[in-house]
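For the sequence shown, the residue numbers in UniProt numbering are 1 to 269.
Since the structure comes first, as structure tokens, the remarks are kept for the end.
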Amino acid sequence: MKFNLPLSLRKRSSAVVFSVIALSAGAWALSQSVQPVQAAASKSQVERITAAVNESLGASGVKVVSVSDIEFIDGLFEVVVNHNGTKKIIYTNASGSHLILGELMESKSMANLTEARLDKLNAINFEKDLPLGLALKTVYGTGSRKIAVFEDPNCGYCKRFRKETLTKLQDTTVYTYVYPVLGRDSVDKAQKVMCASDKSKMWDDWMLKDQSPTGNGNCNPPIEDLVSLGRGMGVSGTPTVFFQDGTRVSGAIPSADLNRRIAAASRAK
């Protein structure tokens with residue numbers, strides 16, 4: 001979970017603890033069945049913790065959404081915040097004097113409770129919230145399963161992810177949202193792709209074969225709509241994958257993990 005705090009703020013907030021814990025596929029699966037129990041915090045606790053979080057992180061654009069008591073850990077509170085359109089979780093004590101920006105794990109199973117909670121907080125309605133008409137559609141096999149992927153044309157991880165993982169999917173429909181957020185050249189390439197007679201082919205020619213998009217891109221392509229869509233959903237990096245159950249994952253995850261998530265989301269829809 002990254003907030004990209006300014007350096008001056010990081011120095012001042014010496015009580016903030018950062019932790020990075022890798023989530024294995026098995027631990028992710030366990031996290032779906034192990035959930036922390038939130039209870040209502042008192043009004044005074046909410047006010048005190050909100051003020052503390054605003055003082056420490058407000059300058060980075062963090063806004064407190066809710067504060068709740070985690071019942072099974074005495075003295076620990078969950079703070080849900082909004083940062084760049086995405087809900088994130090901070091943990092704190094009752095006074096708000098210490099903040100933990102990281103993940104809460106269940107020690108026996110190593111289930112990532114924070115990840116499971118965030119999946120629910122940031123879930124979308126796949127069919128209603130995603131305008132599928134704006135996406136490039138690629139069908140592998142029967143196409144019975146569905147994912148949506150946000151990619152920037154100049155994102156190296158996106159190219160590798162598409163070449164090594166997406167093209168090897170079976171029975172999956174991939175909706176690709178061209179999301180040019182890495183500079184003017186990304187926008188230029190996106191415009192040419194979205195003006196092509198065969199958008200999907202031109203996109204794959206570029207992402208898989210390094211064949212530069214052609215054309216002038218003067219067809220009034222919906223680039224602003226695509227960027228607004230991603231920002232509105234809190235897509236802060238590419239690639240970002242949305243699954244049928246509304247959950248998401250950021251980054252180029254391994255093929256086995258992606259297939260496991262697709263299968264689980266398809267069953268849960």
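From the three backbone atoms N, C-alpha and C, an ideal C-beta is built for every residue, glycine too.
Identify, in the order they occur along the chain, each residue of the same chain with its Cβ nearer than 7 Å to the Cβ of residue i, setting aside the five sequence neighbours on each side.
i	result
S144	D171
N84	G61, G234 and S236
N125	G246
T226	Per the sequence presented here, residue 226 reads as Leu, with Thr not at that position. The residues are L134, Y177, V178 and Y179.
Helix or strand or just coil, what does DSSP make of residue i?
i	result
S107	coil
L136	strand
A123	coil
I100	strand
E78	strand
S68	strand
A94	coil
A116	helix
A265	helix
A40	strand
Ignore the nearest five residues each way along the sequence and tell me which others in residue i's own chain have a CB closer than 8 Å to its CB.
i	result
A52	T92, S95, G96, S97 and L99
Q45	V67, D69, F77 and A94
Identify the continuous beta strand (DSSP E) that holds residue i and give its terminal residues.
i	result
S60	Here S60 belongs to no beta strand (DSSP E), and DSSP marks it neither H nor E.
I73	Segment: none, I73 is in no beta strand (DSSP E) and carries neither H nor E.
Return the chain-ordered list of same chain residues with a C-beta closer than 6 Å to the C-beta of residue i, the five sequence neighbours on each side being excluded.
i	result
W203	L136 and V193
E224	none
My understanding is that residue i touches residue j, with C-beta atoms under 8 Å, so please give their C-beta distance in whole angstroms.
i	j	result
G133	Y179	About 16 Å; that fails the 8 Å criterion.
T240	F150	5 Å
N82	R248	Not really, about 16 Å apart at Cβ, beyond 8 Å.
V139	T86	That pair is no contact at about 29 Å.
Report the residue ranges of all alpha helix (DSSP H) runs contained in full by the UniProt domain "Thioredoxin-like fold" (141 to 260); include only those spanning at least 4 residues, in chain order.
-> As far as the UniProt domain "Thioredoxin-like fold" (141 to 260) is concerned, its whole alpha helix (DSSP H) runs of at least 4 residues are 156 to 164, 184 to 194, 199 to 209 and 223 to 232.
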